[in-house]
Amino acid sequence: MGSVRAEFLKLKRSLSWAVVVLLPLMAVITGAANTVVSGGRLEDGWHTLWLRVVIFYGLFPLAIGVAALASLVWRVEHHGGNWNALMGRHVSSLHVVIGKVAVLAVLAAAMQTVLVVGVVVVGKLVFALPGVLPAPYFLVSVVIVLACLPVAALQSGLSMLMRSFAAPVAVALLGAIGGVVLLMTRLEVLAVVVPYGLLGRATQLGTGMFVDSGTVTTGAVAAVVVAALSLTAVVVAGTAAILDRLDIR
Amino acid sequence: MIGRAVANEFAKMRRLRVVPVVVAMVAGVVALSCFAFTTPGFLDSVGDPSGQPWQWLLGSMSLAVPLTSPILLAVLASRQVDIEHQANGWLFSQTSGLPPGYVCRVKFVATGAVVVAATLAQSGLVFALGTLVGITVAFPAGQWLGYTASIVVVNLVLFALHLLLSARIGNQLVGLGVGVLGVFVALTSTGMPTWLARCFPPWGYYALAMPVDAREGGMVWLAPAHLSVLALGVAGGVLFMLITRLFDRQEA
Chain C
31 MGSVRAEFLK LKRSLSWAVV VLLPLMAVIT GAANTVVSGG RLEDGWHTLW
81 LRVVIFYGLF PLAIGVAALA SLVWRVEHHG GNWNALMGRH VSSLHVVIGK
131 VAVLAVLAAA MQTVLVVGVV VVGKLVFALP GVLPAPYFLV SVVIVLACLP
181 VAALQSGLSM LMRSFAAPVA VALLGAIGGV VLLMTRLEVL AVVVPYGLLG
231 RATQLGTGMF VDSGTVTTGA VAAVVVAALS LTAVVVAGTA AILDRLDIR
Chain G
13 MIGRAVANEF AKMRRLRVVP VVVAMVAGVV ALSCFAFTTP GFLDSVGDPS
63 GQPWQWLLGS MSLAVPLTSP ILLAVLASRQ VDIEHQANGW LFSQTSGLPP
113 GYVCRVKFVA TGAVVVAATL AQSGLVFALG TLVGITVAFP AGQWLGYTAS
163 IVVVNLVLFA LHLLLSARIG NQLVGLGVGV LGVFVALTST GMPTWLARCF
213 PPWGYYALAM PVDAREGGMV WLAPAHLSVL ALGVAGGVLF MLITRLFDRQ
263 EA
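Quick note, the sequences are listed as chains C and G, same order.
Quick note on our numbering: the first sequence kicks off at 31 and runs consecutively.
Quick note on our numbering: the second sequence kicks off at 13 and runs consecutively.
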């Protein structure tokens, strides 16, 4: 628990809030702006609004946002003599890696909360939609946060190995493009074992886009959740093993 | 002196692994552009003018470019400038007679050349793959080359903007964040009227350069605003020179 608290303290003066707030808000604003500018209507109410906001957001920007946050979380360790201090720590490598991923998980959850609140506000105030966002999308939001975990763990590992802030983000973009290609070519099984593809798949739940059936089924949700948790465990264990073998600079 | 300074920037690029970033930029655009090959009926219509195979490829490329370029250009600029922040390179260069603004201009010349080469390569590769899958319909050379030239200009202006941002603000999250937000602006601009897209330079200009668009009846040719893109290039160049001259007057 101490490792997690320490990670939050390190984030205090960073600009992580900017990614957490601006990225999902931009997705909501552009989704709404596209609808307004094209003069189109939300034929299927909340469903159409959700689809216009979340599909593109899940294909590229979300993975890149998580990657930027991972770079931010590790940035402090690469500054000054902090790396050597990290190498002389009292806690295990696994604790350090879990601490970083836990912080990223909280930030990912905050991003998703901003997105959902943004969709509800825009739906009510701009498009005057009746009722509130249907319940399945809240479940999908939880699944999206879980699907962020393997990407967060992988990007955390890359940011640990790369001193550059930008390089892991470039890897995330390439990974996201790979995920998009897998989903577009309907290779679902392969897509869900690649963290970036899994994230894209999770954001498509209930939308009927690419490989999705259009309804949120227990099977689809379970497949994404199991894949997300398994991938996270594997990547965290791998990252901790690598960190164990790293030395002072 | 500028020749040696540019050569020095190329030497830095070797250790900064610029090549993988550029390869990612080219591969990303080519992969997303060539996704058109997998759409039903595409490969059957490679010899049929009514199937508009080149238009589909050009349309895919004009969506792939604004999807990937803003972020990778931000990454390229960040990589090239971040080393100066980390290793106190600004001060070192200034004591060697190269003020910060001059270093920025040198970086623009060196890395800008790589950006131009990558942009030409992605356009050329999409054309080559189109030919390879057997498209025999007349190649719309004018539209293709016009689009490529416009994208070169927009990419260079965007790269210059990111170079200045990365040089001015040490926290590279800002430059990358602007790159990610730029993708949203670039894609939203594709659905905007021309006058509105002009209000979001330089990202909105990706949409102004688009030569084709998908409509209900298939792909239709558009009238790309090449003059607007040219004006962006001139304005961007003048602003870049002015701002880097200001950098020259500041202490590193």
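The beta carbon of each residue, even a glycine, is placed where N, CA and C say it ideally should be.
First through last residue of the beta strand (DSSP E) which encompasses residue i
i      : result
G/A226 : V224 to R227
Partners in chain C for residue i, counting only beta-carbon separations shorter than 7 Å
i      : result
G/Q184 : F195 and A196
G/V33  : A200
Extent of the continuous alpha helix (DSSP H) run through residue i
i      : result
G/G230 : Note, G/G230: premise wrong, no alpha helix (DSSP H); beta strand (DSSP E) at G230 to W233.
C/S171 : A165 to L191
C/A258 : T248 to R275
C/V224 : Element bounds for C/V224: n/a, residue is neither H nor E.
G/K119 : P112 to L144
G/R261 : H238 to R261
G/A17  : I14 to R27
G/W215 : Unbroken run through G/W215: none, as it is neither H nor E.
C/N112 : N112 to M117
C/H109 : From DSSP, C/H109 is part of no alpha helix (DSSP H); its letter is neither H nor E.
G/H97  : P65 to Q98
C/L155 : S123 to L155
G/F54  : Segment: none, G/F54 is in no alpha helix (DSSP H) and carries neither H nor E.
Within-8 Å CB hit, residue i to chain G
i      : result
C/M214 : yes
C/N112 : no
C/F86  : yes
C/M190 : no
C/T60  : yes
C/V49  : yes
C/I207 : yes
C/L45  : yes
C/A98  : yes
C/V211 : yes
C/L229 : no
C/L276 : no
C/L134 : no
C/L184 : no
Counted within 10 angstroms of its Cβ, other Cβ atoms place residue i as buried (16 or more) or exposed
i      : result
G/F265 : Nothing can be reported for residue 265 of chain G, as the shown portion of chain G is limited to 13 through 264.
C/E37  : buried
G/W207 : exposed
C/H109 : exposed
G/I14  : exposed
C/W104 : buried
G/Q262 : exposed
C/S243 : exposed
G/D94  : buried
G/W233 : exposed
G/R117 : buried
C/I278 : exposed
G/P52  : exposed
C/V162 : exposed
Beta-carbon spacing of residue i, residue j below 8 Å
i      : j      : result
G/W68  : G/V149 : no
C/A57  : C/P91  : yes
C/V233 : C/V84  : Per the sequence presented here, residue 233 of chain C reads as Thr, with Val not at that position. In contact: C/T233 and C/V84 (Cβ atoms closer than 8 Å).
G/T160 : G/T131 : yes
G/V127 : G/S45  : no
G/L185 : C/L81  : no
G/Q92  : G/L28  : yes
C/V255 : C/V201 : no
C/L273 : C/V66  : no
C/L228 : C/P180 : yes
G/A237 : G/L220 : yes
G/I83  : G/V169 : no
Cross-chain neighbours of residue i in chain G, by beta carbon under 9 Å
i      : result
C/F90  : L79, T80, I83, V192 and V195
C/I94  : I83, L188, G191, V192 and V195
C/M141 : By Cβ distance, chain G contributes nothing, its closest Cβ being about 12 Å from C/M141, past 9 Å.
Chain C contact residues for residue i, given Cβ-Cβ distances below 8 Å
i      : result
G/D94  : S194, F195 and A196
G/T200 : T60, A63, N64 and V67
G/T50  : M214 and T215
Contact list for residue i against chain C, beta-carbon separation under 9 Å
i      : result
G/V138 : Those do not exist, as G/V138 stays about 15 Å from chain C at its closest Cβ, beyond 9 Å.
Any C-beta of chain C under 8 Å from that of residue i
i      : result
G/L75  : no
G/F47  : yes
G/R91  : yes
G/A36  : yes
G/A43  : yes
G/V145 : no
G/M231 : no
G/G203 : yes
G/V87  : yes
Chain-ordered neighbours of residue i on chain G, where CB pairs are closer than 7 Å
i     : result
C/M56 : L193 and F196
Beta-carbon neighbours of residue i, restricted to chain G and to distances below 8 Å
i      : result
C/L102 : L185
C/L52  : G189 and L193
Any C-beta of chain D under 8 Å from that of residue i
i     : result
G/G40 : No chain D is part of this structure, whose protein chains are labelled C and G.
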